[in-house]
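Reading through the structure tokens given below for one structure.
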Amino acid sequence: MTDLEVLDSSPAAPPRDNGELIFEAPWQSRAFGVAADLVASGHFTWNDFREHLIEAINEWETLETSEQQSWDYYSCWLTALEQILTTRALLDGEEFETRATHYASRPHGHDH
Amino acid sequence: MTEKHDHTHETNAGSSEIRTAALEDLLVEKGLVDRSRIDSLVERFEHDLGPMIGARLVAKAWLESDFQSRLVSDADEVLRQENIRGGEIEHVEVKVNEPGIHNVVVCTLCSCYPWALLGLPPAWYKSPEYRARVVREPRKVLEEMGLSLEPDTEIRVWDSSSETRFLVLPEQPAGSEDLGMEDLAALVTRDSMIGVAKALSP
């Protein structure tokens, strides 16, 4: 069992409603699922991930108000995921940026 | 996601949507993640944790007064008999709502909560505001959350700790006397077992 309690009992807990996770857009559930799968297959633990998540949330919180986008838990989640993956060399930062730029330039309707 | 219909969105490599797609695809190609596993993990985390176990206990207590007495006098023993464990269940106490007495649960220090009975705590339960104010002005907080109590109802606030978790046994709603276990359990919301709401009416 990939036990989320370690996240849920911390300030970095994912938003829930009546015990169920809340996703406001499909990409949020994908970002969640990617992390959950990596935890399930032992690439890192929720504890490891939590450290990066708390860091990402802190970074967001210390931004100047004018630079802050409206609060979005899963954008911090995504930042944490990118960071833990590059830190552990599971993902090459450059390759990732290239792919993201490539996807961004695709014609409308070709992204997921 | 209000920027969804913004045309600049499609060409923004910094958008979360694009970055997530790029990340997932790369990890799939490297064999680090699997799309169908991701699907089932999301599905499981979205739906498997919830207040159903607590709701069934409450429904059973409504149906069987003997079970209710045992639950109130020694919840730990009842949970053992019912084979409910896991989560953070250490010592559980059940507090019964009755005419003139309303119970509500908080954890003033952090977010201690009977996970195994109620799933995961809602965000507001963990908020500094709820934790501080429900002790100081419970009636007002409950009213803000949509629960108006009679002025002469005594409100008892129970502060959870890592040793003791509380479950509120809400009053059985009028008109539910003929219902069976499943239908009754469906009336028992998570919030009613924390004590910030009443059980639903049938």
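Top line first, the protein sequences correspond to chains D and F.
For the first sequence, this note's numbering begins at 41 and goes up steadily by one.
For the second sequence, this note's numbering begins at 67 and goes up steadily by one.
All residues carry an ideal CB built from backbone N, CA and C; glycine is no exception.
Counting only runs of at least 3 residues, the region 189–261 of chain F fully encloses the following beta strand (DSSP E) elements, listed from N- to C-terminal order: 220–225, 230–235. Shown in chain order are the members of the region 68–96 of chain D whose Cβ falls below 7 Å from a Cβ of chain F: 69, 70, 71, 72, 73, 74, 76, 77, 78, 80, 83. DSSP places residue 96 (chain F) outside any alpha helix (DSSP H), giving it a letter other than H or E. For the C-beta of residue 128 (chain D), not a single chain F residue is nearer than 8 Å; the gap to the nearest is close to 11 Å. Residue 144 (chain F) is positioned such that its CB atom lies no closer than 8 Å to that of residue 234 (chain F).
Contact annotation for residue 242 (chain F) against chain D: no contact, minimum CB-CB distance about 20 Å [criterion: below 7 Å].
Distance from the CA of residue 95 (chain F) to the CA of residue 209 (chain F), rounded to the nearest whole angstrom, comes to 53 Å. The three-state secondary structure of residue 161 (chain F), taken from DSSP, is strand. When CB distances to chain D are screened at a threshold of 9 Å, not a single residue of the region 208–228 of chain F falls below it. A direct Cα-to-Cα measurement between residue 250 (chain F) and residue 120 (chain F) gives close to 12 Å. DSSP lists no beta-bridge partner residue for residue 62 (chain D). Within chain F, the residues whose beta carbon sits less than 8 Å from that of residue 135 (chain D) are 92, listed in sequence order. Around the CB of residue 202 (chain F), fewer than 16 other CB atoms lie within 10 Å, so the residue is classed as exposed. Cβ-Cβ distances below 7 Å link residue 115 (chain D) to nothing in the same chain once the five nearest sequence neighbours on each side are left out.
Against chain D, the CB of residue 150 (chain F) has no partner CB under 8 Å away; the residue lies outside that interface. Proximity to residue 111 (chain F) across D:140, D:106, D:83, D:74 peaks at D:74, based on C-alpha coordinates. Excluding residues up to 5 positions away in sequence, nothing lies with its Cβ nearer than 7 Å to the Cβ of residue 81 (chain D) in the same chain. With a contact defined as Cβ atoms closer than 8 Å, residue 52 (chain D) and residue 94 (chain D) qualify at about 5 Å. Residue environment analysis places residue 142 (chain F) among the exposed positions, since fewer than 16 neighbouring C-beta atoms fall within 10 angstroms of its C-beta.
Close partners of residue 122 (chain D) in chain F (Cβ separation under 9 Å): 85, 89.
Below the 8 Å Cβ cutoff, chain F contributes 82 as neighbours of residue 115 (chain D), in chain order. Taking CB atoms only, residue 103 (chain F) has a neighbour in chain D less than 8 Å away.
Separation of the CB atoms of residue 259 (chain F) and residue 236 (chain F) is rounded to 7 Å, and the pair is thereby assigned contact status at 8 Å. The C-alpha of residue 137 (chain F) lies about 13 Å from the C-alpha of residue 183 (chain F). The beta carbon of residue 214 (chain F) lies closer than 8 Å to those of 208 in the same chain, with the five residues before and after it left out. In its chain, beyond the 5 residues on either side, 177 have a beta carbon closer than 7 Å to the beta carbon of residue 192 (chain F). Listed along chain F are 79, 84, 85, 88, each with a C-beta nearer than 7 Å to that of residue 140 (chain D).
Residue 169 (chain F) is bridged by DSSP to F:222.
As the crow flies, the alpha-carbon of residue 149 (chain F) is around 16 Å from that of residue 124 (chain F). Taking one beta carbon from each stretch, the region 63–71 of chain D and the region 84–98 of chain F have 3 or more pairs nearer than 8 Å; the two touch.
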